[in-house]
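Novice:
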Amino acid sequence: MKKPLVGITCHNKLNEEDWFKGYEINYLGVSETQSIIKAGGVPLMLPQTNNEAIIDAYLENIDGLVVIGGEDVNPAYYHEDVSSLSGPINDVRDEFEALLIKSAVNKKIPLFLICRGLQFFNVLYQGSLWQDLKLIPHNKLNIPHQGWNLSYKNIHRLNVVDKDSYFYNIIKNDYLYVNSLHHQTINKLSPLLKIVAQSDDGVIEVVESNIQDHFIIGFQYHPEISSYYYHDDNTRLFDYFINYLKEIA
Ligand SMILES: [Mn+2]
Numbered sequence: 020m021k022k023p024l025v026g027i028t029c030h031n032k033l034n035e036e037d038w039f040k041g042y043e044i045n046y047l048g049v050s051e052t053q054s055i056i057k058a059g060g061v062p063l064m065l066p067q068t069n070n071e072a073i074i075d076a077y078l079e080n081i082d083g084l085v086v087i088g089g090e091d092v093n094p095a096y097y098h099e100d101v102s103s104l105s106g107p108i109n110d111v112r113d114e115f116e117a118l119l120i121k122s123a124v125n126k127k128i129p130l131f132l133i134c135r136g137l138q139f140f141n142v143l144y145q146g147s148l149w150q151d152l153k154l155i156p157h158n159k160l161n162i163p164h165q166g167w168n169l170s171y172k173n174i175h176r177l178n179v180v181d182k183d184s185y186f187y188n189i190i191k192n193d194y195l196y197v198n199s200l201h202h203q204t205i206n207k208l209s210p211l212l213k214i215v216a217q218s219d220d221g222v223i224e225v226v227e228s229n230i231q232d233h234f235i236i237g238f239q240y241h242p243e244i245s246s247y248y249y250h251d252d253n254t255r256l257f258d259y260f261i262n263y264l265k266e267i268a
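What follows is the structure in structure tokens.
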């Protein structure tokens, strides 16, 4: 059986290494590609472009799409000014991923959204973000969400709030300890998404699709890091996604 081809968005920056200093590069984290390979999928990096014919060709060729983490989404996408607490913004990436995600939704390409990927999907469909977790009122629990260290694999807990979900049926537990590498989070939820799991302070950590016949699962945490480095329960999320792509092929 043919292995599913999984499109994956990528990072872009000016290289800072001596030999190729100033050279523009596209790149991916090893966990971002290997978590797909380990599950039996073939990752295909999708470099940024604003050429819609190229974006159409990307989507014609892939079976599923992973939208990975990265810079903060420009708050203009949810009609806010940039907060002083906002992180770096990448307009080239925003422009491409907005076209890519909207076209993927129109074509009902199965989606696996990670961190920024989830946040961007949410704001493209009538949702909004807290530009920083510190801006959430009455958030006194001080649950750590910014564990910028790969070893922080169990930095906080999430609780399943919807058992009629792919996530619950894959993880088969009411709760899970997860990593956390984000300083923003969903504020207003898109009507295209439903909440599946939240941390103890109410931060939305897992969502799924409200769209008929369109598989979407999204994570505020980083299952690819847990799958690649720790081979824990999150590995099954990738296994499920790749098997789902095989079934619908
Ligand atoms: Mn978190």
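All residue numbers for the sequence shown refer to our numbering, where the first residue is 20 and numbers rise by one.
Built from N, CA and C at the ideal position, the CB exists for glycine as well.
Does the beta-carbon distance from N141 to G59 come in below 9 Å?
Specialist: On the sequence shown, position 122 is the one that residue 141 refers to. On the sequence shown, position 40 is the one that residue 59 refers to. For N141 and G59, no; Cβs fall outside 9 Å.
Novice: So, under 8 Å CB-CB, A123 and L63 are touching, yes? Tell me the CB distance rounded to an integer number of Å.
Specialist: Counting from 1 along the sequence shown, the entry for residue 123 is found at position 104. Counting from 1 along the sequence shown, the entry for residue 63 is found at position 44. Actually they do not touch by this definition, with Cβ atoms about 14 Å apart.
Novice: To which residues of the same chain is Q165 closer than 6 Å at the C-beta, ignoring the five residues directly before and after it?
Specialist: The sequence position of residue 165 within the sequence shown is 146, counting from 1. Here the set comprises H202.
Novice: So which residues touch the region around ligand 1, with touch meaning a C-beta under 6 Å from any heavy atom?
Specialist: Result: H164, H175, S199, H201, S218, V222, E224, Q239 and Y240.
Novice: Nearest by alpha-carbon distance to S103: which of Q150, I214 and P23 is it?
Specialist: Taking the first residue of the sequence shown as position 1, residue 103 is located at position 84. Residue Q150 is the option with its Cα nearest to S103.
Novice: Across which residues does DSSP place M64 in a beta bridge pair?
Specialist: Taking the sequence shown and counting its residues from 1, the one referred to as residue 64 is at position 45. Paired residues: I27.
Novice: Starting from the Cα of W167, find the closest Cα among L154, L177, Y240 and L65 and give me that residue.
Specialist: On the sequence shown, position 148 is the one that residue 167 refers to. Answer by Cα proximity: Y240.
Novice: For E43, decide whether its Cβ has a neighbour in chain C, counting only Cβ atoms nearer than 9 Å.
Specialist: Absent here is chain C; the protein component of the structure consists of one chain.
Novice: Look at the alpha carbon of E90 and the alpha carbon of E266, and state the distance between them as a whole number of angstroms.
Specialist: Here residue 90 is taken as the residue at index 71 of the sequence shown, counted from 1. Here residue 266 is taken as the residue at index 247 of the sequence shown, counted from 1. Approximately 33 Å, taken between the alpha carbons.
Novice: DSSP state of Y259, grouped into three classes?
Specialist: Translated into positions along the sequence shown, residue 259 becomes position 240. Helix.
Novice: Kindly indicate which three-state DSSP category S4 falls into: helix, strand or coil?
Specialist: With the chain running from 20 to 268 in the structure shown, residue 4 is simply not present.
Novice: Three or more beta-carbon pairs under 8 Å between the region 132 to 148 and the region 202 to 216, yes or no?
Specialist: Judged by Cβ distances under 8 Å, the region 132 to 148 makes contact with the region 202 to 216, as three or more pairs qualify.
Novice: Provide the residue(s) that pair with I55 in DSSP beta bridges, ordered along the chain.
Specialist: Taking the first residue of the sequence shown as 1, we reach residue 55 at position 36. Answer by DSSP bridge pairing: none, since I55 is not bridged.
Novice: Expressed to the nearest angstrom, what Euclidean distance is found between the alpha-carbon atoms of I190 and D181?
Specialist: As a working mapping, residue 190 is identified with position 171 in the sequence shown. As a working mapping, residue 181 is identified with position 162 in the sequence shown. Approximately 12 Å, taken between the alpha carbons.
Novice: Can you list, in chain order, the stretches of the beta strand (DSSP E) that have 3 or more residues and sit fully within the region 123 to 186?
Specialist: Qualifying beta strand (DSSP E) stretches, in chain order: 130 to 133 and 175 to 179.
Novice: DSSP beta-bridge partners for I44?
Specialist: Within the sequence shown, residue 44 is the residue found at index 25, counting from 1. Answer by DSSP bridge pairing, in chain order: K32.
Novice: With DSSP as the reference, label A216 as helix, strand or coil.
Specialist: What you label residue 216 is simply residue 197 of the sequence shown in a count that begins at 1. In the structure shown, A216 sits in a strand (DSSP, three-state: E or B).
Novice: To the nearest whole angstrom, what separates the beta carbons of V101 and L177, a pair I think is in contact under 8 Å?
Specialist: For the purposes of this step, residue 101 is identified with residue 82 of the sequence shown, where counting begins at 1. For the purposes of this step, residue 177 is identified with residue 158 of the sequence shown, where counting begins at 1. Actually they do not touch by this definition, with Cβ atoms about 29 Å apart.
Novice: By a C-beta neighbour count over all protein chains shown, 10 Å radius and 16 as the cutoff for buried, is I44 buried or exposed?
Specialist: On the sequence shown, position 25 is the one that residue 44 refers to. Exposed.
Novice: Counting Cβ pairs closer than 8 Å, one from the region 150 to 163 and one from the region 108 to 123, do we hit at least three?
Specialist: The region 150 to 163 is not in contact with the region 108 to 123.
Novice: Leaving aside the five residues before and after K4 along the sequence, list all residues of the same chain whose C-beta is less than 6 Å from its C-beta, in chain order.
Specialist: It is not possible to answer for residue 4, since the shown part of the chain is limited to 20 through 268.
Novice: Can you list, in chain order, the residues of its chain with a C-beta nearer than 6 Å to that of T254? Leave out the 5 residues immediately preceding and following it.
Specialist: Counting from 1 along the sequence shown, the entry for residue 254 is found at position 235. Excluding sequence neighbours, T254 sits near S246.
Novice: Report yes if the CB atom of L212 is closer than 9 Å to the CB atom of Y144, and no otherwise.
Specialist: Taking the first residue of the sequence shown as position 1, residue 212 is located at position 193. Taking the first residue of the sequence shown as position 1, residue 144 is located at position 125. A contact, by the Cβ cut-off of 9 Å.
Novice: For L118, which of I230, T28 and H157 has the nearest alpha-carbon?
Specialist: As a working mapping, residue 118 is identified with position 99 in the sequence shown. Cα-wise, what sits closest to L118 is T28.
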